[in-house]
Amino acid sequence: MDLRAGDSWGMLACLCTVLWHLPAVPALNRTGDPGPGPSIQKTYDLTRYLEHQLRSLAGTYLNYLGPPFNEPDFNPPRLGADTLPRATVNLEVWRSLNDKLRLTQNYEAYSHLLCYLRGLNRQAATAELRRSLAHFCTSLQGLLGSIAGVMATLGYPLPQPLPGTEPTWTPGPAHSDFLQKMDDFWLLKELQTWLWRSAKDFNRLKKKMQPPAAAVTLHLEAHGF
Amino acid sequence: NPESPVVHLGSNFTAVCVLKEDCMDYFHVNANFIVWKMSHFTIPKEQYTIINKTAASVTLTDVASLNIQLTCNILTFGQIEQNIYGITLISGLPPEKPKNLNCIVNEGRKMMCYWDPGRETYLETNFTLKSEWATEKFADCKTKRDTPTSCTVDYSPVYFVNMEVWVEAENALGKVTSDHINFDPVDKVKPNAPHNLSVSNSEELSSILKLTWINSNIKNVIRLKYDIQYRTKGASAWSQIPPEDTASTRSSFTVQDLKPFTEYVFRIRCMKEDGKGFWSDWSEEASGITYEDRPSKAPSFWYKIDPSHTHGYRSVQLMWKTLPPFEANGKILGYEVTLTRWKSRLQNYTVNDSKLTVNLTNDRYIATLTARNAVGRSAASVLTIPACDFQASHPVMDLKAFPKDNMLWVEWTTPSKSPNKYILEWCVLSDKSPCIPDWQQEDGTVYRTYIRAPSKGPTVRTKKVGKNEAVLEWDQLPVDVQNGFIRNYTIFYRTNIGNETAVNVDSSHTEYTLSSLTSDTLYMVRMAAYTDEGGKDGPEFTFTTPKFAQGEIEAIVVPVCLAFLLTTLLGVLFCFNKRDLIKKHIWPNVPDPSKSHIAQWSPHTPPRHNFNSKDQMYSDGNFTDVSVVEIEANDKKPFPEDLKSLELFKKEKVSTEGHSSGIGGSSCMSSSRPSISSSDENESAQNTSSTVQYSTVVHSGYRHQVPSVQVFSRSESTQPLLDSEERPEDLQLVDNVDGSDGILPRQQYFKQNCSQHETSPDISHFERSNQVSSVNEEDFIRLKQQQISGISQSCGSGQMKMFQEVSAADAFGPGTEGQGERFKTAEMEAVLDEGMPKSYLPQTVRQGGYMPQ
């Protein structure tokens with residue numbers, strides 16, 4: 001680009017103006033409302049923390065279920081676990097999700113999973129396992145609250161549970177003990193997958209919500225011209 | 001609650017007492033009669049207010065007491081004070097707003113919050129910690145009575161979810177809430193300390209140590225930063241690794257710039273990387289030693305020439321100073337010395353000592369010295385040993401020595417041509433010791449130095465303290481403070497009041513025994529280290545010598561106890577030995593009825609006269625006639641037999657309770673009388689009479705008290721008699737003794753008894769001679785023993801068996817059911833009692849009852 005002297009003076013003046021006004025730019029103003037960034041970061045950290053918690057909890061719980069559930073390559077068909085929300089999704093579909101849908105899916109999934117998990121908690125045997133499960137439930141409750149918080153910050157409404165679709169734990173006689181265990185197995189597996197996915201979701205959101213300060217400056221500069 | 005109102009401390013309080021109408025009439029009172037009392041003290045009337053006829057009030061201003069008993073009383077009939085009603089007034093302060101609320105999450109444990117409760121309220125104040133998420137409330141945490149300023153919630157906090165926490169303080173006067181704090185529990189974490197800290201050195205680099213540790217589990221959740229501190233072993237101050245070097249999660253760190261061959265101690269702690277939260281506790285300390293490095297400096301090197309020349313050779317002593325640890329950088333394994341003569345080949349020496357004596361020609365030599373440790377060699381010290389005729393061209397001038405700052409300084413003018421180095425030589429001028437030159441090396445650039453005397457005295461302590469001696473020990477002074485060679489140590493010691501005593505100790509020692517100390521005394525000891533230039537006192541150490549040496553108390557107590565035991569034992573032995581004497585003095589004399597008769601030999605059996613003086617003594621006035629008595633010639637029997645017999649009595653008594661006949665009354669010491677049933681007497685008597693020939697002696701009276709006494713006859717046969725055959729008679733004798741007990745005067749007789757017992761005739765003689773000795777209680781006892789136990793020796797085993805049989809059948813006839821056991825007892829005791837007197841066979845015949853003829 002060929003710049004004349006006048007242009008450079010003008011650019012300098014403009015830059016000075018921009019710098020003068022920088023503190024007033026909301027995205028860079030640390031003293032004001034921090035925006036959804038920190039809470040998304042926190043939610044991301046929480047999913048990682050839950051993932052870590054679940055790793056040890058699942059190990060203990062599967063051992064409690066006994067073989068074959070605690071075998072590393074045990075991969076049963078997904079029988080009767082259809083009510084569980086699926087975390088797996090086509091990559092293209094996942095990429096094309098908007099923030100609201102992404103958050104809503106997460107919120108709904110964890111509401112359901114938490115419900116199921118509380119049923120699991122009732123059945124667990126040892127006191128230590130019950131304690132771990134209770135703490136995990138509390139943490140998951142915290143995650144739900146965290147997601148709700150992010151949604152509230154971004155101005156999205158919380159999804160209302162449809163009457164009648166509230167998932168319930170049905171330890172009916174229809175379930176044999178083995179099938180019951182199978183459901184438990186799938187619940188833990190699905191939770192794991194969801195936590196992985198959520199980590200990715202929130203990482204994506206985090207990146208999206210924290211536009212680099214340089215970009216802001218550039219934008220203002222262009223505006224100045 | 002009107003019965004126990006709580007009021008604000010310092011406020012006014014008004015109480016109203018209302019009288020019931022009917023009571024007023026009954027007692028003829030009204031509100032004017034009301035008297036208020038506070039904790040039993042009447043409140044002045046001025047504070048009362050009569051509201052109307054039935055009610056009066058009192059106002060307490062500025063209530064200052066915490067607990068007041070306020071009562072409303074009434075003067076009935078104008079006189080008697082009667083209590084109507086009372087309340088307990090409690091005063092205090094409302095709680096202050098709790099301040100400085102904060103929480104801590106100890107890793108793996110529950111969250112604990114603490115606060116400053118403010119002023120004392122004097123009332124029971126409850127603190128409640130409340131916590132909630134934006135979406136959910138948690139259970140309240142109520143403080144325990146003993147910890148009103150902190151509370152531990154009973155749930156594990158969830159990291160990364162902000163929570164709001166506040167505390168409510170409430171008592172009877174009010175309720176306040178602290179400021180709310182909002183935080184993420186992960187920012188209040190105090191991690192567990194890193195553990196398994198270990199230190200390893202590196203052979204490549206002597207200046208580094210590598211630390212490794214294991215992080216606590218929280219590293220999976222948060223990122224950590226560290227704080228590593230180290231110090232040399234023995235130092236007190238910690239050095240810090242720059243925090244920016246350890247600002248991220250890791251499990252090892254290499255510390256650099258350390259001194260070689262030095263032991264360092266490390267510790268580490270961690271916290272959340274962003275500095276939110278709390279530092280963990282320090283880990284356990286771990287230490288490691290840096291690897292050796294080659295000596296960093298060449299040793300000081302000098303020589304001394306022995307003045308005596310021999311055939312063109314001179315004896316040269318090369319000497320050098322050992323390197324201090326910070327220059328040695330490891331263990332010095334040896335020194336290498338090379339000597340080079342002009343244009344000749346090298347001579348190598350390897351020395352462990354710090355000197356070397358060589359014979360050199362008068363030529364000029366160049367000596368080099370290197371110190372060697374496991375890693376390598378130091379630089380070489382080079383020393384020129386000039387030829388014999390060498391004259392120094394640039395001598396050092398104006399050498400001055402002066403004391404300054406507690407040191408002896410030496411100053412000189414540098415020669416015009418700058419030298420490589422200086423050697424300063426000196427010695428102590430003393431009347432006591434000869435001048436032993438010492439030296440120190442100085443750099444060629446200096447012109448003044450000080451003589452290096454120790455700057456610190458050794459710290460002395462006691463290794464062992466005895467009653468009269470103490471073993472002192474101390475550590476070698478570090479080279480840094482030695483400032484020269486320690487020539488000797490001096491130990492000064494004194495008591496609290498006494499003079500100080502000094503002892504010189506060779507420098508090679510690290511311990512010394514102070515002897516001839518006074519016991520139970522406080523001693524103060526200090527120590528000085530001396531180089532040739534002087535010394536320096538170390539700190540004073542006090543110790544107290546014990547009152548008693550180790551084992552001294554035992555040495556006193558044990559012999560005393562032993563002596564006491566021995567005395568007791570000897571006393572007992574003496575009692576046993578002299579029991580006759582004792583009996584004589586204590587017990588009444590028991591006359592032996594048998595003494596009142598004198599046995600006589602049967603006419604047709606010529607007696608073997610073997611008179612004993614004692615027997616003659618018996619006869620003197622005691623017996624009308626004297627029987628032949630044989631008493632063992634060897635009547636000085638050693639007392640152990642007596643003892644044995646006595647013991648045997650005891651045993652007998654114990655083991656054969658059933659047939660007490662022969663035992664009980666026999667001892668000198670005992671007054672119990674043996675008795676036996678006479679049912680078998682006849683039979684046994686007949687037995688005896690049919691086989692033995694007797695002579696009969698008729699008694700004419702014992703002294704002057706005969707009539708009631710049964711008359712005894714005694715016979716003695718020349719024929720071999722069996723003990724058993726005699727027994728029934730003996731037993732009868734016992735009966736007789738029983739009967740006559742207490743009637744006959746026994747003084748003389750007892751003497752006889754006891755003396756005889758004392759002399760203990762060897763009874764085998766009795767048997768051999770078949771003569772009758774005077775039979776008395778003692779003899780009888782002995783006989784009984786004999787019958788039971790002592791037979792074997794005299795009669796051989798065959799006889800013994802027979803005796804046993806007979807004795808069982810005859811003597812103990814009545815108790816047939818116990819025979820077997822008695823046999824056993826008898827046998828056993830026969831074995832036990834080897835030294836028993838042989839059987840002797842006194843035969844007494846009871847007049848009228850039984851008279852073998």
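Residue numbers (the UniProt record's numbering), protein chains in the order written: chain A, 1 to 225; chain B, 1 to 853.
The beta carbon of each residue, even a glycine, is placed where N, CA and C say it ideally should be.
Residue i to residue j, Cα distance in whole Å?
i	j	result
K276/B	P243/B	15 angstroms
T135/B	F127/B	24 angstroms
V7/B	M111/B	36 angstroms
I228/B	K259/B	18 angstroms
K137/B	S131/B	6 angstroms
A199/A	I147/A	12 angstroms
V471/B	L318/B	38 angstroms
M163/B	Y156/A	22 angstroms
H394/B	C388/B	17 angstroms
T459/B	M407/B	21 angstroms
V446/B	N362/B	31 angstroms
T413/B	I423/B	14 angstroms
G10/B	W115/B	27 angstroms
W320/B	R377/B	15 angstroms
V150/A	K206/A	11 angstroms
R372/B	T249/B	42 angstroms
Run through DSSP, which three-state label would residue i get?
i	result
C17/B	strand
P325/B	helix
W426/B	strand
F41/B	strand
R372/B	strand
K206/A	helix
S416/B	coil
residue 854/B	The requested residue 854/B is not part of the displayed model; chain B covers only 1 to 853.
I586/B	helix
W186/A	helix
G288/B	strand
Q160/A	coil
Name the chain B residues whose beta carbon is nearer than 7 angstroms to that of residue i?
i	result
Y49/A	Y159, F160, V221
residue 236/A	This structure gives no information on residue 236/A, because the portion of chain A shown stretches from 1 to 225.
G149/A	A134
H135/A	S156
My understanding is that residue i touches residue j, with C-beta atoms under 8 angstroms, so please give their C-beta distance in whole angstroms.
i	j	result
T567/B	M527/B	At roughly 52 angstroms, the Cβ-Cβ gap does not stay under 8 angstroms, so T567/B and M527/B are not in contact.
D62/B	N12/B	7 angstroms
F261/B	T290/B	6 angstroms
A56/B	C17/B	6 angstroms
L522/B	T495/B	7 angstroms
S56/A	T153/A	With a Cβ gap of about 32 angstroms, S56/A and T153/A do not count as contacting.
Measuring only from the beta carbon, is residue i closer than 7 angstroms to any heavy atom that is part of the ligand ADP?
i	result
P38/A	Ligands in the displayed structure: none, and consequently the ligand ADP is not present.
Taking C-beta pairs closer than 7 angstroms, name the residues in chain A that residue i reaches, listed in chain order.
i	result
W133/B	G142, G145
S216/B	Per Cβ cutoff of 7 angstroms: no residues; S216/B is ~14 angstroms from chain A at best.
What does residue i touch in chain B if you count any residue whose Cβ is under 9 angstroms from its own?
i	result
A109/A	Those within 9 angstroms of A109/A in chain B number zero; the least Cβ separation is about 17 angstroms.
In this structure, what does DSSP give as the bridge partners for residue i?
i	result
P403/B	L408/B
S200/B	K210/B
W196/A	According to DSSP, W196/A bridges with nothing at all.
H195/B	I214/B
G538/B	According to DSSP, which records beta bridges pairwise, G538/B is partnered with nothing at all.
H8/B	G92/B
residue 856/B	Examination of residue 856/B is not possible in this model, given that chain B is present from 1 through 853 alone.
Can you pull the chain B residues whose beta carbon is under 8 angstroms from the beta carbon of residue i, in chain order?
i	result
H52/A	N220, V221
K42/A	F160, V161, N162, D184
Could you name the residues of chain A that residue i contacts, counting a contact when the two beta carbons are closer than 9 angstroms?
i	result
E136/B	T138, Q141, G142, G145
So residue i contacts chain A; which residues on that side make the cut at Cβ distance below 8 angstroms?
i	result
S251/B	Neighbours of S251/B on chain A: none; closest Cβ ~18 angstroms, over 8 angstroms.
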